[in-house]
Amino acid sequence: MADKVLVKGNEALGEAAIAAGCRFFFGYPITPQTELSEYMAKRMPKIGGTFLQAESEIAAINMVLGAASAGARAMTSSSSPGISLKGEGISYIAGSDLPAVIVNIQRGGPGLGGIQPSQSDYFQATKGGGHGDYHLIVLAPNSVQEIVSLTFDAFDLADLYRMPVMILGDGMLGQMMEPVVFPEHSERVLPEKTWATNTTKGLRKKNIINSLYIKPDVLEKINFERYARYAEVEKKEARFEGYLLEDAELVITAYGATSRISRNAVNALREKGIKAGLLRPITLWPFPKEAYQAAAKTAKAFLTVEMSMGQMIEDVRLAIDCARPVHFCGRTGGMIPTPGEIEAKAEEIARAF
Amino acid sequence: MSIVFERPKALSDVLMHYCPGCTHGIAHRLVAEVLDELGVCDNTVGVAPVGCAVFAYNYFECDMIEAAHGRAPAVATGVKRVLPNAVVFTYQGDGDLAAIGTAETVHAATRGENITVIFINNTNYGMTGGQMAPTTLPGQVTTTTPYGRDPKLIGYPIRVCELLSTLTGTAYAERVALNNVKNVRNAKKAIKKAFEYQLAGKGFSIVEILSTCPTNWGMSPVEATKWLEENMIPYYPLGVYKDIGGDK
Chain A
45 MADKVLVKGN EALGEAAIAA GCRFFFGYPI TPQTELSEYM AKRMPKIGGT
95 FLQAESEIAA INMVLGAASA GARAMTSSSS PGISLKGEGI SYIAGSDLPA
145 VIVNIQRGGP GLGGIQPSQS DYFQATKGGG HGDYHLIVLA PNSVQEIVSL
195 TFDAFDLADL YRMPVMILGD GMLGQMMEPV VFPEHSERVL PEKTWATNTT
245 KGLRKKNIIN SLYIKPDVLE KINFERYARY AEVEKKEARF EGYLLEDAEL
295 VITAYGATSR ISRNAVNALR EKGIKAGLLR PITLWPFPKE AYQAAAKTAK
345 AFLTVEMSMG QMIEDVRLAI DCARPVHFCG RTGGMIPTPG EIEAKAEEIA
395 RAF
Chain B
1215 MSIVFERPKA LSDVLMHYCP GCTHGIAHRL VAEVLDELGV CDNTVGVAPV
1265 GCAVFAYNYF ECDMIEAAHG RAPAVATGVK RVLPNAVVFT YQGDGDLAAI
1315 GTAETVHAAT RGENITVIFI NNTNYGMTGG QMAPTTLPGQ VTTTTPYGRD
1365 PKLIGYPIRV CELLSTLTGT AYAERVALNN VKNVRNAKKA IKKAFEYQLA
1415 GKGFSIVEIL STCPTNWGMS PVEATKWLEE NMIPYYPLGV YKDIGGDK
């Protein structure tokens, strides 16, 4: 077991990616994820890896596509406006069945928005972002330690399911320093990349990496096959953390940084005699629907807490088929909800119980 | 009996989708002949564009990737960084390379990315039915310049080899044409040299190939060849625009 070190979220993510075997990072500066690119620029040459600052977010994601095609573990990172630019490439990576890891350290939007923490790219991350029928696996850490463990998972899941994985953080997680341990990474048993375009060496027929299927029946078949894989991901990979859910009448639900604020609110509410609990999705896609259905058995109401105008709330409603009222408490534009705001909203809801 | 002419081994034994009289087929063949002659097909990754050559991934026997519109040089960069000893080439048209992919092209060149770019200039977007390209000539009629390209409204055609020749990272840039046998032979020499430069690790190499598009130009193949000679070559003079030579 390695020693505990105090490290910034963005840098922890970079080191974890390297520990997970990522040797190709294609970046572009944008606040608040720039430290990750800078960290990779410093570290990659020392371990025989490649850091390349691309001419644009678009070029960076397409470099990832190329590196992934050649069979390497590759990553790019950005923040909200830059992820919009990567949308095209992400769609092509998904359509070409390539593994890749994309990091979004979210900031306020829309447009240039601001540079403070936000969670307003939830729709973009979980519902598409690029064009076409596809999904990303979306992982939402809520601590620097979890950034490390989910970065390991991101590369494994990408390789296992041959699909892009997004680590969805926010400016708060990217910038905060916490003590972490970098554990030895034990990779899952992963399939060999026999599909990679890494030259035939005269030993096999050529491989083609492609997302074009001009005949509609063929494209439909390919999409059906991809969605069969997605169904497997939904079945096996949905993850969540529950806190005081067993008897919770009010289930507060939040991911990432807001889940930690919400946890404080849950503790304070319990002290006031309100049976509150916290359901924190760790995977935003696949969304842990069953956990919500289970929580709905004791819950009289749900309260989603987000740094957005309310995006995840739609998935919460869908997960429980609107069987309970789902309330919202959120701030936007880079503003962060306080435990007090969450408590006040929760108490207002609980008064009606 | 000795064989005097056959399909290059690097060229797939499939029917191509190109229109009659289009010079893509010749360009494909030249690239394949060069891959054969250099003995590198089994160590090559090609990147196809969006446009008429989108199906190029079906036509070469090496590993192939189909890139998004204009992004082939970025994709090729990713491949080359992972496989520095492999031969990596892109095959792109003028809309792909000089409009939507200008940034990727210019920056791959200025990085001295050790890849080879085969650039087909036929002055229009062929696959979508003949719209104005960044290379469409002044006065040229296309479906989006129905009254002829008016430089006062939409500017002038881009001379890609001249542009890229100003960049330190560009090792080799030559413009050739496929309008007659002599020029086809020159084109092959240029393509071979471009790949040889890559094998020698000299940096970014590009061969711009002036090509005909009889279908979208509304001409017979013979008329199209004549039009290329009379209109394209004067605006896009053939020749070597950058050659760092043998000593880098």
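Taken in order, these protein sequences are the chains called A and B.
Quick note: the first sequence uses the working numbering, first residue 45, plus one each step.
Quick note: the second sequence uses the working numbering, first residue 1215, plus one each step.
Every residue, glycine too, gets a C-beta built ideally from N, C-alpha and C.
Predicted model, so just to flag it, every value in this text is computed and none were measured.
Using a threshold of 6 Å, is the CB atom of residue i nearer than that to any non-hydrogen atom of the ligand ADP?
| i | result |
| --- | --- |
| residue 271 of chain A | Looking at this structure, you won't find the ligand ADP or any other ligand, since it has none at all. |
Cβ of residue i less than 7 Å from any chain B Cβ?
| i | result |
| --- | --- |
| residue 267 of chain A | no |
| residue 107 of chain A | yes |
| residue 241 of chain A | yes |
| residue 257 of chain A | no |
| residue 146 of chain A | no |
| residue 99 of chain A | yes |
| residue 250 of chain A | yes |
| residue 246 of chain A | yes |
| residue 9 of chain A | Outside the displayed range of chain A (45 to 397) lies residue 9 of chain A, so it cannot be described from this structure. |
| residue 174 of chain A | no |
| residue 114 of chain A | yes |
| residue 211 of chain A | no |
| residue 103 of chain A | yes |
| residue 111 of chain A | yes |
| residue 94 of chain A | yes |
| residue 136 of chain A | yes |
| residue 253 of chain A | yes |
Taking just the CA atoms, how far does residue j sit from residue i?
| i | j | result |
| --- | --- | --- |
| residue 89 of chain A | residue 114 of chain A | 20 Å |
| residue 1236 of chain B | residue 213 of chain A | 50 Å |
| residue 1369 of chain B | residue 1219 of chain B | 45 Å |
| residue 1259 of chain B | residue 343 of chain A | 56 Å |
| residue 125 of chain A | residue 75 of chain A | 10 Å |
| residue 280 of chain A | residue 1351 of chain B | 57 Å |
| residue 1292 of chain B | residue 91 of chain A | 18 Å |
| residue 1462 of chain B | residue 1299 of chain B | Here residue 1462 of chain B scores only 45 on pLDDT, less than 50, and its place in the model should not be relied on; the value that follows carries that caveat. Distance between the alpha carbons of residue 1462 of chain B and residue 1299 of chain B: 17 Å. |
| residue 397 of chain A | residue 387 of chain A | 15 Å |
| residue 107 of chain A | residue 60 of chain A | 21 Å |
| residue 1217 of chain B | residue 1381 of chain B | 44 Å |
| residue 209 of chain A | residue 1402 of chain B | 43 Å |
| residue 71 of chain A | residue 81 of chain A | 6 Å |
| residue 146 of chain A | residue 348 of chain A | 26 Å |
| residue 73 of chain A | residue 122 of chain A | 7 Å |
| residue 1407 of chain B | residue 1458 of chain B | 12 Å |
| residue 68 of chain A | residue 160 of chain A | 28 Å |
| residue 1251 of chain B | residue 1264 of chain B | 28 Å |
Given that a residue counts as buried once 16 or more other Cβ atoms are within 10 Å of its Cβ, and exposed if not, what is residue i?
| i | result |
| --- | --- |
| residue 238 of chain A | exposed |
| residue 1229 of chain B | exposed |
| residue 1294 of chain B | buried |
| residue 230 of chain A | exposed |
| residue 112 of chain A | buried |
| residue 306 of chain A | buried |
| residue 401 of chain A | Only positions 45 to 397 of chain A appear in this structure, which leaves residue 401 of chain A out of reach. |
| residue 84 of chain A | buried |
How about residue i: is its C-beta nearer than 7 Å to some C-beta of chain A?
| i | result |
| --- | --- |
| residue 1271 of chain B | yes |
| residue 1462 of chain B | A caution first: residue 1462 of chain B carries a pLDDT of 45, below 50, which makes its placement in the model unreliable, though a value can still be read off. Judged by the 7 Å Cβ criterion, residue 1462 of chain B is not in contact with chain A. |
| residue 1319 of chain B | no |
| residue 1338 of chain B | no |
| residue 1277 of chain B | yes |
| residue 1280 of chain B | yes |
| residue 1382 of chain B | no |
| residue 1256 of chain B | yes |
| residue 1245 of chain B | no |
I'd like the span of the alpha helix (DSSP H) that includes residue i, first residue to last.
| i | result |
| --- | --- |
| residue 83 of chain A | 78-87 |
| residue 258 of chain A | It is not in any alpha helix (DSSP H) - residue 258 of chain A carries neither H nor E in the DSSP assignment. |
| residue 53 of chain A | 53-63 |
| residue 1240 of chain B | 1238-1252 |
| residue 109 of chain A | 101-113 |
Take residue i and list the residues in its own chain whose beta-carbon comes closer than 7 Å to its own, dropping the five residues that flank it on each side.
| i | result |
| --- | --- |
| residue 292 of chain A | 319, 320, 321, 339, 342, 343 |
| residue 1233 of chain B | 1428, 1429 |
| residue 1442 of chain B | 1391, 1393, 1424, 1426 |
| residue 272 of chain A | none |
Under DSSP, the beta strand (DSSP E) around residue i begins and ends at which residues?
| i | result |
| --- | --- |
| residue 1334 of chain B | 1330-1335 |
| residue 10 of chain A | Nothing can be reported for residue 10 of chain A, as the shown portion of chain A is limited to 45 through 397. |
| residue 393 of chain A | Not the beta strand (DSSP E): residue 393 of chain A falls in the alpha helix (DSSP H), residues 383-394. |
| residue 1301 of chain B | 1301-1307 |
| residue 1396 of chain B | No beta strand (DSSP E) holds residue 1396 of chain B; the alpha helix (DSSP H) holding it covers 1395-1413. |
| residue 1457 of chain B | 1453-1457 |
| residue 1441 of chain B | Element bounds for residue 1441 of chain B: not the beta strand (DSSP E) but the alpha helix (DSSP H), 1435-1441. |
| residue 148 of chain A | 144-150 |
Among the residues of its own chain, which have a CB less than 8 Å from the CB of residue i, if the five just before and after it don't count?
| i | result |
| --- | --- |
| residue 1271 of chain B | 1260, 1262, 1278, 1279, 1280 |
Counting only the same chain and skipping the five closest in sequence on each side, list residues whose C-beta sits under 6 Å from that of residue i.
| i | result |
| --- | --- |
| residue 355 of chain A | 166, 167 |
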